[in-house]
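Have a look at the structure below, then the notes.
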Amino acid sequence: MQQRAGSARTLVVVRHAKAEATGPTDHERSLTDAGRVAAAELGRWLADAGVVPDHALVSDAARTLETWDELADAAGWDTDPEVSSALYDASPDAALDLLRESPAGAGTVVVVGHNPTMGYLAEILDDGDGDDDAITALVTTGFPTGAAVVLDVEGEWSGLAESGATVRGFHVGGR
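Be aware that the sequence shown starts at 183, since it is given in the working numbering, and climbs by one per residue.
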């Protein structure tokens, strides 16, 4: 996966890794052992791709926080995430609004959330001009647990819009 020449920013959209089917509440569902392995593998893939976040936005659910911890540890990142209760049940439009509030100086932002929002967010941001293999994998695989799409974004976060990013890579941890 190569970064496009002249790309100003990178956005990584992540769906949490595989979680337990039940918990005391949906909010408290933890990752399975396989989910922890997949999240760590995803972190290594992102590190190998040269992704280092300046900012991270993570849902406040247990499974998203655990996904962040596993992938950040495996990637060697020391970024403290912004934990968001609003991201937990955000619509794609609301998630896009949250991303528009990312710090102006952040060159790379990672968002870790839930489906269907994360998958739909990746779809609406895609301008269709990206890596053909990554787009094909995204379309044919969907956005399963442990999935991440890496997007190139031109312009400021505050101006992030539908069809405003180019798919550079797609990967599902643990596969």
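Beta carbons are placed, not taken as given, at the ideal position from N, Cα and C, and that holds for glycine.
All figures in this text were calculated on a predicted structure; none of them were measured in a lab.
Under the assumption that residue i contacts residue j (Cβ atoms under 8 angstroms), give the Cβ distance between them as a whole number of angstroms.
| i | j | result |
| --- | --- | --- |
| E248 | S212 | 6 angstroms |
| E252 | G225 | 7 angstroms |
| A238 | W250 | 7 angstroms |
| T299 | A277 | 5 angstroms |
| V240 | S266 | 7 angstroms |
| I317 | P274 | Not really, about 18 angstroms apart at Cβ, beyond 8 angstroms. |
Where residue i and residue j are concerned, what is the direct C-alpha to C-alpha distance, given to the nearest angstrom?
| i | j | result |
| --- | --- | --- |
| A201 | R218 | 9 angstroms |
| T348 | V335 | 7 angstroms |
| P235 | W259 | 8 angstroms |
| R350 | A203 | 32 angstroms |
| Q184 | L281 | Below a pLDDT of 50, predicted positions are generally treated as unreliable, and Q184, at 48, falls in that range; the measurement from the model is reported next regardless. The straight-line gap from Cα to Cα measures roughly 23 angstroms. |
| A288 | T322 | 31 angstroms |
| Y302 | F325 | 9 angstroms |
| G188 | G295 | With a pLDDT of 49 at G188, under the threshold of 50, the modelled position of this residue cannot be trusted, and the question is left open. |
| R191 | E338 | 8 angstroms |
| A272 | D230 | 30 angstroms |
| R245 | D311 | 32 angstroms |
| E210 | A220 | 19 angstroms |
| V196 | A256 | 15 angstroms |
| R186 | N297 | Legend: pLDDT at R186 = 45, less than 50; position of this residue unreliable, no value from coordinates given. |
| D308 | S345 | 5 angstroms |
Under the DSSP definition of a beta bridge, which residues are partnered with residue i?
| i | result |
| --- | --- |
| E264 | L239 |
| D308 | A347 |
| R197 | G295 |
Name the residue from the options whose alpha carbon lies nearest to the alpha carbon of residue i.
| i | options | result |
| --- | --- | --- |
| L193 | A256, G232, S267, A216 | G232 |
| V354 | L239, A190, T327 | T327 |
| A341 | A286, E223, R197, T207 | Correcting the residue identity first, residue 341 is Gly in this sequence and not Ala. Answer by Cα proximity: A286. |
| T290 | F352, I306, V332, R245 | V332 |
| R357 | D308, A222, R191, H209 | A222 |
| D315 | E344, S345, A329, F352 | F352 |
| A243 | H198, D313, D255, A254 | H198 |
At a threshold of 7 angstroms, does residue i count as lining the ligand FAD (C-beta to nearest heavy atom)?
| i | result |
| --- | --- |
| P298 | No copy of the ligand FAD appears in this structure; indeed no ligand is present at all. |
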